[in-house]
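Engineer: The sequence shown begins at 1 in full-length UniProt numbering and counts up one residue at a time.
Ideal Cβ positions, reconstructed from N, Cα and C, are used throughout, including at glycine.
Got a structure for you, questions after.
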Amino acid sequence: MPSPHVSIPGPPADVRETLAALQARLGLTAEFPAEVVVDAERAAALPPSGTHADRTGIELVTIDPASSMDLDQAVQIERAGTGFLVRYAISDVGHFVQPGSALDAETHRRGQTMYAPGARIPLHPPVLSEGAASLLADGRPRPSMLWELRLDATGELTDVALTRALVLSRAKLSYESVQADLDAGTPHPSIALLPKVGRLRREREIQRGGVSLNLPEQEIVEEPDGRWALEFRDVVPVEDYNAQISLLTGMAAARVMLDAKVGILRTLPPAGDDEVDSLRRRVNALGVEWPRSVTYPDFVRSLSPNRPRELAALTRCTTLFRGAGYVAFDGALPDENHLHSALAAPYAHTTAPLRRLIDRYVLEICHAELGGTPVPEWARAALTALPGEMAASDRTSASYERGVMDLAEALVLKGRVGERFPAVVTDVNPKTGQATVQVADPAVELRVQAGETKPGSEVVVRIVEVDLHEGRVDISIDA
Numbered sequence: 001m002p003s004p005h006v007s008i009p010g011p012p013a014d015v016r017e018t019l020a021a022l023q024a025r026l027g028l029t030a031e032f033p034a035e036v037v038v039d040a041e042r043a044a045a046l047p048p049s050g051t052h053a054d055r056t057g058i059e060l061v062t063i064d065p066a067s068s069m070d071l072d073q074a075v076q077i078e079r080a081g082t083g084f085l086v087r088y089a090i091s092d093v094g095h096f097v098q099p100g101s102a103l104d105a106e107t108h109r110r111g112q113t114m115y116a117p118g119a120r121i122p123l124h125p126p127v128l129s130e131g132a133a134s135l136l137a138d139g140r141p142r143p144s145m146l147w148e149l150r151l152d153a154t155g156e157l158t159d160v161a162l163t164r165a166l167v168l169s170r171a172k173l174s175y176e177s178v179q180a181d182l183d184a185g186t187p188h189p190s191i192a193l194l195p196k197v198g199r200l201r202r203e204r205e206i207q208r209g210g211v212s213l214n215l216p217e218q219e220i221v222e223e224p225d226g227r228w229a230l231e232f233r234d235v236v237p238v239e240d241y242n243a244q245i246s247l248l249t250g251m252a253a254a255r256v257m258l259d260a261k262v263g264i265l266r267t268l269p270p271a272g273d274d275e276v277d278s279l280r281r282r283v284n285a286l287g288v289e290w291p292r293s294v295t296y297p298d299f300v301r302s303l304s305p306n307r308p309r310e311l312a313a314l315t316r317c318t319t320l321f322r323g324a325g326y327v328a329f330d331g332a333l334p335d336e337n338h339l340h341s342a343l344a345a346p347y348a349h350t351t352a353p354l355r356r357l358i359d360r361y362v363l364e365i366c367h368a369e370l371g372g373t374p375v376p377e378w379a380r381a382a383l384t385a386l387p388g389e390m391a392a393s394d395r396t397s398a399s400y401e402r403g404v405m406d407l408a409e410a411l412v413l414k415g416r417v418g419e420r421f422p423a424v425v426t427d428v429n430p431k432t433g434q435a436t437v438q439v440a441d442p443a444v445e446l447r448v449q450a451g452e453t454k455p456g457s458e459v460v461v462r463i464v465e466v467d468l469h470e471g472r473v474d475i476s477i478d479a
């Protein structure tokens, strides 16, 4: 399923009731209890602590969607001999959230920020997430956890440091503006080396056997008259480069915690030989050749979502990306899998503490270990419960995103009952016979009984009924 990339300010009036019902069903509310708001306002007024070193002289910049205000990361890259020095400042949320406070308890209840158009459910109150703790380029220094990652000439990590530091973001950049500047040969000096380092890190990923799926991203966009539209969004190259910096940091954090034998990892079990063989047979049945001499990562990289059969093959390849979870440990390494198989390396969430609970704990553990101080007891005490809390939050987030996207698809197609659209069958459930079809314009993914239709087929679908209240679109495949 394409991942929803929501970037609009508010929902149209005719979906607000249904959106509110979805939130209620999932137990979500954007409002915070009064005692949590008081805690957040108190925290927002805190001055930097004496442990924050002054690093405001570093020319850091943020790169995010243009409308984002909850800015977790700021980056600067420079040459260091024949290699590189990557400085990655992460919001020091631990400075603002007092362990055991009402604010702390509420973040554990929420787990992460839930995204929806005009109905974002934040992890922290906006006074922190879009104010005092956000790395905004407003001339005001912010407390951060500053990673310093040294790479050799090939992009391999050679040294890691993590310091509590006061930093100053110089510019709030968007993916599109950075890409335009790179294409014009006029990048911001702080990130002129980002493409070089990003490509080197991608090469290291390929050498490790890592893989990412190049599936289209569904995006909800707002028309000038306030209506919603759906598109399949093209990811600009700088997004991949920027993601490589985040992945680099997460792998560094995982290594620090594994060496210390205390921490929590994001894991994905590796696929067994039988699962790969089964996938190979199903892909070959689509008419897409996958020779036995070609590895799974190399095969995935060879596929294009712009070719119908290969889009169906990519969709089937997602079956090997299931089972992601969290593994916590304290005193001994975990017996179970501690790798993230898509990255072919251990990995930890550490770069988005404004938007994800677990990152705050990873940062505190890594800061203690790299600084030679004891891991805070409150951080150790939370390790047992964190995997379950995050897993529950992940399930809620997935349900919310899917519900919002179903609603958006129904809204876009509401006035188009009876119309016919060319589509590609991306998958068919062998047990239920239900097919998933992808329509390019409008950019929707819909479900229908497949009959004799096979994955990879190009078909014409007709809109039969749209129920906006339920966020449901019924379609048929025309003969």
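List the residues that DSSP assigns as beta-bridge partners of T436.
Structural biologist: Paired residues: D427 and R447.
Engineer: Look at L413 and V362 and say whether their C-beta atoms are less than 9 Å apart.
Structural biologist: No, these two residues do not count as a Cβ contact at 9 Å.
Engineer: How should V460 be labelled, buried or exposed, when 16 other C-beta atoms within 10 angstroms of its C-beta is the threshold for buried?
Structural biologist: With fewer than 16 other Cβ atoms within 10 Å, it is exposed.
Engineer: Determine the burial state of V464: buried for a count of at least 16 other Cβ atoms within 10 Å of its Cβ, exposed for fewer.
Structural biologist: When all chains shown are included, V464 counts as exposed.
Engineer: Based on Cα-Cα distance, which residue from P48, D406, A66 and G263 lies nearest to A229?
Structural biologist: Nearest C-alpha to A229: D406.
Engineer: Compute the distance between the beta-carbons of Y326 and T249, then report whether it is under 9 Å.
Structural biologist: Result no, Cβ atoms of Y326 and T249 do not sit closer than 9 Å.
Engineer: Any idea what DSSP makes of A165, helix, strand or coil?
Structural biologist: A165 falls in the strand class under three-state DSSP.
Engineer: Got a sec? Which residues, its chain only, sit under 8 Å from V417 by beta carbon, not counting five neighbours each side?
Structural biologist: Counting only Cβ-Cβ distances below 8 Å, and skipping sequence neighbours, we find I463, V464, E465 and V466.
Engineer: Would you call the CB atoms of G415 and G471 closer than 9 Å?
Structural biologist: Contact flag unset, no.
Engineer: Leaving aside the five residues before and after S169 along the sequence, list all residues of the same chain whose C-beta is less than 6 Å from its C-beta, in chain order.
Structural biologist: Once the five neighbours on either side are set aside, the close Cβ partners of S169 are L60, T62, A74, L135 and A137.
Engineer: Have a look at the DSSP bridge pairing and note the partners of I245.
Structural biologist: Looking at the DSSP assignment, I245 forms no beta bridge with any residue, so it has no partner.
Engineer: From what residue to what residue does the alpha helix (DSSP H) around W290 run?
Structural biologist: Unbroken run through W290: none, as it is neither H nor E.
Engineer: How many Å lie between S101 and D92 at the Cα?
Structural biologist: Cα to Cα, the separation comes out at about 17 Å.
Engineer: When you compare each of L85, R164, Y175 and L357 to A368 by their alpha carbons, which one comes out closest?
Structural biologist: Cα-wise, what sits closest to A368 is R164.
Engineer: In the structure shown, what three-state DSSP assignment does E16 receive?
Structural biologist: Reading off the sequence shown, one finds Arg at residue 16, where the question assumed Glu. R16 falls in the helix class under three-state DSSP.
Engineer: Let's see if you can read the secondary structure: which residues bound the alpha helix (DSSP H) around M114?
Structural biologist: Neither: M114 is in no alpha helix (DSSP H) and is coded neither H nor E.
Engineer: How far does the alpha helix (DSSP H) with T315 in it reach, from first residue to last?
Structural biologist: Looking at the DSSP string, the run of the alpha helix (DSSP H) that includes T315 is P308 to C317.
Engineer: Which of helix, strand or coil does DSSP assign to D298?
Structural biologist: Residue state, collapsed to three classes: helix.
Engineer: Could you check the C-alpha separation between P308 and K261 for me, to the nearest Å?
Structural biologist: Spanning the two alpha carbons is a distance of roughly 46 Å.
Engineer: Rounding to the nearest angstrom, what Cα-Cα distance links L265 and T29 in this structure?
Structural biologist: Straight-line Cα distance between these residues: approximately 28 Å.
Engineer: Helix, strand or coil for I90? Go by DSSP, reduced to three states.
Structural biologist: Of the three classes helix, strand and coil, the one that applies to I90 here is strand, per DSSP.
Engineer: Considering G371, what are the terminal residues of the alpha helix (DSSP H) in which it resides?
Structural biologist: From DSSP, the alpha helix (DSSP H) with G371 extends over L357 to G371.
Engineer: Measuring straight from C-alpha to C-alpha, what distance separates G331 and A133?
Structural biologist: Roughly 32 Å separates the two Cα atoms.
Engineer: Since residue 481 sits in a beta bridge, which residues does DSSP pair it with?
Structural biologist: Limits of the chain in this structure are 1 at one end and 479 at the other, which puts residue 481 out of reach.
Engineer: Pair every Cβ in the region 299 to 314 with every Cβ in the region 203 to 217, then say whether three or more of these pairs are closer than 8 Å.
Structural biologist: A contact exists between the region 299 to 314 and the region 203 to 217.
Engineer: Going by the DSSP bridge assignment, what does F32 pair with across the sheet?
Structural biologist: According to DSSP, F32 bridges with nothing at all.
Engineer: Is it true that the region 366 to 381 meets the region 151 to 158, where meeting means three or more beta-carbon pairs spaced less than 8 Å apart?
Structural biologist: Too few Cβ pairs lie closer than 8 Å, so no.
Engineer: For residue 493, which residues from the same chain have a beta carbon less than 6 Å from its beta carbon, with the 5 sequence-adjacent residues on both sides left out?
Structural biologist: What is shown of the chain runs 1 to 479, which leaves residue 493 out entirely.
Engineer: What is the DSSP secondary structure of D441, reduced to helix, strand or coil?
Structural biologist: If DSSP states are grouped into helix, strand and coil, D441 belongs with coil.
Engineer: Is the Cβ-Cβ distance between H95 and P126 less than 9 Å?
Structural biologist: No. Outside cutoff.
Engineer: Which same chain residues end up closer than 8 Å to R204 when comparing Cβ atoms and leaving out the 5 residues on each side of it in sequence?
Structural biologist: T154, G155 and E156, listed in sequence order.
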